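Chains as they are written, first to last, in my numbering: chain F, 98 to 518; chain V, 896 to 1060. Every residue, glycine too, gets a C-beta built ideally from N, C-alpha and C. The structure presented is a predicted model; accordingly, all values stated were derived computationally and were not measured. Structure first, commentary second.
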Amino acid sequence: MGEPVLLTYLHEPDQGELGAYSARGGYEGLRRALSMSPEAVTDEVDKSGLRGRGGAGFATGRKWKFIPKDPAVTKYVVVNADEGEPGTFKDRTLLEGDPHRLIEGIVIASYAVGAHLAFIYLRREFYHAREMLERALAQAAAAGMVGRNAAGSGFDLSIVLATGAGAYIAGEETALLESLEGRRAMPRLKPPYYPAVKGLYTQPTVVNNVETLCHVAWILAKGYEWYRQQGPPILISVSGHVARPGVYEVPLGTTIRQVIDRAGGMRGGRQFKACFPGGSSSAILPAAYLDTPMDYDALAKLDVYGSMLGSGALIAMDDTTCMVEVVARTVEFYRDESCGKCTPCREGTMWLGQALHRMLGGQGRVEDLPLLDGIARGMTGTCFCPLGESVPPAIYSTLRFFRHEYEHHAKTGTCDVRVMA
Amino acid sequence: MSERGLSENAKSEIRRLMAQFPQRQSALLGALFVAQNEVGFLTPDALADIAVVMGLPASEVTSVASFYHLLFFRPVGRHVVQVCTNLSCMLNGCGRILDHLRRQLGVEVGETTSDGAFTLKTAECLAACESAPAMLVGTERFGPLTPGMVDEVLSRYRRATRSMT
């Protein structure tokens, strides 16, 4: 395991203070970036291999290169700090523990794409993170790191902090932009509304995740070669039935088993049963996949539909877990958070929820298994945005790997898994 | 100021928010929280005042507000208790915590205690899975919760409420 990068100073109680942050090498990445050309900054990020840490995993440098160079065109940088994917809490941890790192990353990204106004769209429930961020923003502005002539470079940047109001769908980038424009957080049609083309206020916009921009600050501070030698690092949010849930920094490609071991293994000496490797939008993997590297390609290439690294949220479940209950809870979440814009998502999550609820209530039928599969198929590739598409993976993977649990529920009206603690 | 509308202070705060954005409607979510924090919930008068201050159709203001979970159209208690019931908290026994809160507060999910101190709600993943089961009381996060810890938190908030009145 490499030395930690993103988490290096997170346990220092004063890391949110500008003085302490600077004394530990903070804002060196920003100074270095502002001494380079914007193209060179983008190239550095490109060469680092950094991929977006919000869930989609798009190459960050490439995303920046989509932004038109014309200085007459107004561009924006928007930070997606609306962390809501179930099982994911690394962005909140970064915001609370190292807020200046994000600010540094925002300035670097804005300089690289030629934006003079950046927005942070922060999840409303992140009250402590907001306090830390507001304080850090005020300190950074007072010290001249943001604002007019940032760090004496001649580059101007204002950062505005906005909050959401409770909507998971606002984490989808085009829905986020709608919300930031003061509307219902409903996704936009792509094309034409690719953020890099027609984003915020229909201007070219870069939307980057919190962790992504923290990586950017480190890459510019230490250089892409050093960064790659560190793994490259990623943050994994480990939760569920592990002994020590928390945010762990590991080299990209660390196996699921190794990450669970880092988190103290399964709690109470119990057996691992299954996990979501990349938040509740990913497929559910049984023990046979424990040695899969937590890497974008390795997880995506598995023979399991919807297997992905996603937001890096590893939710581990032990042998006391009823998979039908887990899937029912997952489906209810997407049902309640569906914006209702498209039929497959709105109706599919509702019908799946009813069938699963009936099964858990002891009224299931054997015909419900093909019914669940059929509804999921009706949603696959047909939903307007990734929210609805996030539902079938959990259905398919559990019907495949834990079919007997559904059958037992359907035939006997009871659960054959040990009752949860 | 109408009976359950906004004060001049609130209106100027909304104008300050509008000035932060290239387009004024971007300040709408912020404006709705200004109103909710002042009045307690989004009254028709408060919504109408926002529409006037921001130069937006009243229907648009209400439509946007109704989309989001944390904007309330009915009165809530002084402290909103939000218990996370998503996967990691479910796997760590949030059902037991929610049952305990129901009993201790004597209300069902969505209801407010008769003294107006607490409203009990469930929440989707609070991004606090390392301390599952978790809850928010007002703006404060707690977890991993035990029934005993829930009791301590509730009595602390009850004491704080009494000393305020």
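- Those residues of the segment 261-273 of chain F placed with their C-beta closer than 8 Å to a C-beta in chain V are Gly-261, Ala-262, Gly-263, Ala-264 and Tyr-265, ordered along the chain.
- Setting aside the 5 residues that flank it on each side, Phe-498/F is surrounded in the same chain by Pro-383, each with a C-beta closer than 6 Å to its C-beta; the list follows chain order.
- Identification of residues in the segment 1043-1060 of chain V having a C-beta nearer than 8 Å to some C-beta of chain F yields an empty set.
- It is roughly 32 Å from the alpha-carbon of Pro-196/F to the alpha-carbon of Met-949/V.
- Cβ-Cβ distances below 8 Å link Arg-910/V to Val-948 in the same chain, with the five nearest sequence neighbours on each side left out; the list follows chain order.
- By the CB criterion at 8 Å, Cys-311/F and Gly-202/F fall inside the cutoff.
- Contact check for Gly-328/F and Leu-349/F: beta-carbon distance about 5 Å, within the 8 Å limit, so the pair qualifies.
- Residues of chain F whose Cβ lies closer than 8 Å to the Cβ of Leu-966/V are, in chain order, Ala-262 and Gly-263.
- Within the DSSP secondary-structure output, Thr-1017/V pairs in a beta bridge with Val-978/V.
- The beta-carbon distance between Ala-930/V and Leu-965/V, rounded to whole angstroms, is 13 Å. This is too long to meet the 8 Å contact definition.
- Taking 3 residues as the shortest admissible run, the segment 173-226 of chain F contains the following complete beta strand (DSSP E) segments, listed from N- to C-terminal end: 173-178 and 214-219.
- Spanning the alpha carbons of Gly-510/F and Phe-962/V requires a straight line of approximately 37 Å.
- Within the DSSP bridge table, the entry for Thr-302/F names Tyr-173/F as partners.
- Your pair Ala-215/F and Tyr-265/F does not check out as a contact, with CB atoms roughly 23 Å apart and the cut at 8 Å.
- Annotated three-state conformation of Val-344/F is strand, per DSSP.
- Under the DSSP assignment, Met-414/F falls in the beta strand (DSSP E) whose first and last residues are 410-415.
- Under the DSSP assignment, Leu-258/F falls in the beta strand (DSSP E) whose first and last residues are 255-260.
- Flagged as an interface residue toward chain F: Gly-925/V, by a C-beta distance shorter than 8 Å.
- Within chain V, the residues Leu-982 and Leu-986 have their CB atoms less than 9 Å from the CB of Met-414/F, given in chain order.
- Ala-946/V: member of the alpha helix (DSSP H) spanning 939-949, first to last residue.
- Rounded to the nearest angstrom, the Cβ distance from Asn-306/F to Asp-400/F is 28 Å, too far for a contact under 8 Å.
- For Tyr-431/F and Lys-370/F, the gap between their C-alpha atoms comes out near 23 Å.
- Around Val-102/F, the same chain offers Trp-315, Gln-327 and Pro-330 as residues with beta carbons nearer than 6 Å, after the five sequence neighbours per side are excluded.
- With respect to the 8 Å criterion, Val-1045/V and Leu-996/V are classified as neighbours on the basis of their beta carbons.
- For Ile-992/V, the enclosing alpha helix (DSSP H) covers residues 989-1000.
- When the five nearest sequence neighbours on each side are left out, no beta carbon in the same chain lies closer than 7 Å to the beta carbon of Ala-153/F.
- In the structure shown, the three-state DSSP call for Pro-383/F is strand.
- Counting of Cβ neighbours within 10 angstroms places Gln-112/F among the buried residues, the total reaching 16 or more.
- Under DSSP, Glu-1035/V shares a beta bridge with Val-1032/V.
- Within its own chain, the residues whose Cβ lies closer than 7 Å to the Cβ of Lys-144/F, once the five positions on either side in sequence are excluded, are Tyr-321, listed in chain order.
- The distance from the Cβ of Leu-924/V to that of Thr-418/F is about 37 Å, inconsistent with a contact at the 8 Å cut-off.
- Taking the Cβ atoms as the reference, Leu-1015/V lies roughly 12 Å from Leu-1031/V, outside the contact range of under 8 Å.
- His-108/F sits exposed, since fewer than 16 C-beta atoms from the chains shown fall within 10 Å of its C-beta.
- Non-local beta-carbon contacts of Pro-292/F in its own chain, meaning distances under 8 Å to residues more than five positions away in sequence, involve Val-175, Glu-270, Thr-271, Leu-274, Pro-301, Thr-302, Val-303 and Val-304 in chain order.
- Taking the CA atoms as reference points, Leu-234/F sits about 40 Å from Ile-381/F.
- With 16 or more other CB atoms across the displayed protein chains lying within 10 angstroms of its CB, Ser-207/F is buried.
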